[in-house]
Amino acid sequence: MSITATQLQNFARSPSAFREHLLIDSDAGPVPLGSVLDDWQRADFSAMDNAWLRAAGHKIEQTGPSRAYLERPRGQSKTLDLAVAVLWALAFSPRQLSGVAAAADKTQAKLLRNSIDKMVRLNQWLGDVIDVQHSVVRNSRTGSALETLSSDVAASFGRTPDFIAVDEITHWVGSGLWESLISLAAKRSHCVVICIANA
């Protein structure tokens with residue numbers, strides 16, 4: 014699917030427009046995410062759109078949350094939805110963003126990275142700017158980057174993230190990494206924190 018310059022400008026202003034057109038993998042093959050979103054998914058995404066726009070540098074009134082805890086049962090698009098939100102920020106923020114994705118272990122941390130990689134492959138126009146590496150996803154034009162961490166508290170210190178994506182927090186052993194990450198979030202007034210967990 015080719016994307017026009019006008020569509021790209023619209024995606025940059027609207028995470029919702031991006032989601033409507035973004036191709037994802039399904040049992041029936043690639044489909045636009047917007048065609049398969051449930052109402053509760055739309056509500057979860059919509060609740061955080063202004064926070065993502067603020068983090069990206071848009072002049073958005075401080076309405077709505079900058080933090081979210083989403084609890085869903087198995088198979089209810091936890092990692093995929095987290096990846097979609099992060100991918101919009103990496104692809105469309107006009108300012109350079111620094112993001113952290115954290116999980117209990119390396120296998121879980123890799124799931125978010127793999128989800129982003131699959132969407133970039135399905136949406137080749139994203140591959141023009143998004144470079145998915147082993148433990149980093151980077152925008153080659155803006156320098157925005159998402160680094161993945163797994164239960165290494167020491168590695169999280171010293172960062173100043175614009176967003177933090179926390180995957181399957183209910184499976185983490187101990188609270189050290191979480192305490193470190195949430196303290197990092199306080200360094201930036203616009204920092205977005207999204208935690209997603211198994212119900």
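If you count the sequence shown from 1, you need to add 13 to reach this note's numbering. For each residue, glycine too, the CB sits at the ideal point set by N, CA and C. The model shown is predicted, which means the values in this text are computed figures rather than measured ones.
- Annotation for E181: no alpha helix (DSSP H) segment contains it, and DSSP assigns it neither H nor E.
- Taking C-beta atoms as the reference points, L21 and V113 fail to come closer than 9 Å.
- Here R32 really is in contact with V97; their C-beta atoms are around 6 Å apart, less than 8 Å.
- For R87, there is no enclosing beta strand (DSSP E), since its DSSP letter is neither H nor E.
- Counting only residues of its own chain and dropping the five nearest sequence neighbours on each side, T76 has a CB closer than 8 Å to the CB of N63.
- Within the segment 128 to 159, the complete beta strand (DSSP E) segments at least 3 residues long are 143 to 145, 149 to 152, listed from N- to C-terminus.
- Between the segment 140 to 158 and the segment 44 to 52, the count of Cβ pairs shorter than 8 Å is below three; the stretches do not touch.
- C-alpha of D180 to C-alpha of T19: approximately 33 Å in a straight line.
- In the structure shown, L124 falls within a helical segment according to DSSP collapsed to helix, strand and coil.
- For I207, the enclosing beta strand (DSSP E) begins and ends at 205 to 211.
- Following the DSSP letters along the chain, one finds G112 inside the beta strand (DSSP E) bounded by residues 111 to 116.
- Distance between P28 and A69, taken at the CA atoms: about 11 Å.
- Within the same chain, and ignoring the five residues on either side of L139 in sequence, the residues whose Cβ sits closer than 8 Å to its Cβ are L100, A104, M132, V133.
- In its chain, beyond the 5 residues on either side, R67, A68 have a beta carbon closer than 6 Å to the beta carbon of H203.
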